[in-house]
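Mapping of the sequence shown onto numbering that gives the first Met the number 0: position 228 corresponds to residue 227, and the numbering continues sequentially without gaps. We put the beta carbon where it would ideally sit given N, CA and C, even for glycine. All figures in this text were calculated on a predicted structure; none of them were measured in a lab. Written out below as structure tokens is the structure these notes cover.
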Amino acid sequence: MIKDVDKFLDSHLLEDYILGVTTVEESSMVEEFIASSEKVRTLYNELQENIEWVARKSAIKAPDTAKQNILSRLEQSPLTVAKNSNFRVQAIAASVAALICAFAALNYWSKDKKNSDLLADMNTRLEILEEENNAIAQQLTTLEFERDYINDAGTERYVLTGNAKAEGFISLAYWNRDQRKAFVMVNQLPQLGSDKCLQMWADVDGEMLNVGILPEQTNGWVEVNFLEDAESLNITIEPAGGSDHPTVADLVANVII
0 MIKDVDKFLD SHLLEDYILG VTTVEESSMV EEFIASSEKV RTLYNELQEN IEWVARKSAI
60 KAPDTAKQNI LSRLEQSPLT VAKNSNFRVQ AIAASVAALI CAFAALNYWS KDKKNSDLLA
120 DMNTRLEILE EENNAIAQQL TTLEFERDYI NDAGTERYVL TGNAKAEGFI SLAYWNRDQR
180 KAFVMVNQLP QLGSDKCLQM WADVDGEMLN VGILPEQTNG WVEVNFLEDA ESLNITIEPA
240 GGSDHPTVAD LVANVII
């Protein structure tokens, strides 16, 4: 039986215990170290909190009794065998990917690694996971809005195709007077240098007003200025960053709306 704290930490038994894969004898040993060593107890609590964090981030609440059950067992003498499988199952069900991430971080433990290094690595992985989840959620929200906007009965669609100055250029303009919103999506881009851009203008009472700069990537979707009394949409080639007034000689596409 392991007696030394450092050897115990190097044995991976604490990580295995948290993941619920220890034997009865191993669980008893782990619980004894948790009860007798402040170093082990502190690390255990921090790792346990990280696992619970994974469950919370996955929108499944960890059992309210999880920590209390552990504390109750530690207060008993002799210690009873830990049975934390219910919580482990819920964490896995909450997010398999998140638990794999946590498991990888836990098993990254090696003799030349300090406890703080392990925790820092695990927290970094969990932060990355949270950022990825937030990014995916934002993308889904954007896609749902685009779908609803395009399918809205008040949304009008206009196709702008390039002339000889921008052969192959195709862009779609979406105009919704009820929502007072306008978007442009570029399907195909002409060959422009890095010092040039495509800028859209709206003809309002004979004056060309800036609507916005088109995205530089194919299938790029961008919101542009909605102008209530626009009579036509016009796209010109302008210096990078856009212009205050359109270069009419470099008009590449236009459509009456």
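Let me check one thing: in DSSP terms, what residues is residue i bridge-paired to?
i: N233; result: W200, N253
i: Q187; result: I169
i: K38; result: DSSP output for K38 lists no bridge partner at all.
i: A181; result: W174, V223
What are the boundary residues of the beta strand (DSSP E) that includes residue i?
i: E222; result: 220-223
Tell me which residue opens and which closes the alpha helix (DSSP H) that residue i is part of.
i: L213; result: Segment: none, L213 is in no alpha helix (DSSP H) and carries neither H nor E.
i: A34; result: 23-35
i: L226; result: Segment: none, L226 is in no alpha helix (DSSP H) and carries neither H nor E.
i: D194; result: Element bounds for D194: n/a, residue is neither H nor E.
i: D151; result: No alpha helix (DSSP H) contains D151, which DSSP labels as neither H nor E.
Would you call residue i buried or exposed, if buried means 16 or more other Cβ atoms sit within 10 Å of its Cβ?
i: A229; result: buried
i: V80; result: Residue placement at V80 is poorly supported in this model, since its pLDDT is 35, which falls under 50; the coordinates still yield a value, given next. Classification of V80: exposed, given that the 10 Å Cβ count is below 16.
i: A201; result: buried
i: F144; result: exposed
i: E170; result: Correcting the residue type first, residue 170 is Ser in the shown sequence and not Glu. That one is buried.
i: P245; result: buried
i: N233; result: buried
i: V23; result: exposed
i: E206; result: exposed
i: E131; result: exposed
i: S35; result: exposed
i: A252; result: buried
i: I260; result: Within the shown structure, residues of the chain are numbered from 0 to 256, placing residue 260 beyond reach of any answer.
Is DSSP giving residue i helix, strand or coil here?
i: R156; result: strand
i: L208; result: strand
i: A136; result: helix
i: K2; result: coil
i: A239; result: coil
i: N175; result: strand
i: T141; result: helix
i: N122; result: helix
i: N44; result: helix
i: V247; result: helix
Stretch pair the segment 160-169 + the segment 130-150: three plus CB contacts closer than 8 Å
no
With a cut-off of 8 Å, do at least 3 Cβ pairs link the segment 202-221 to the segment 119-136?
no
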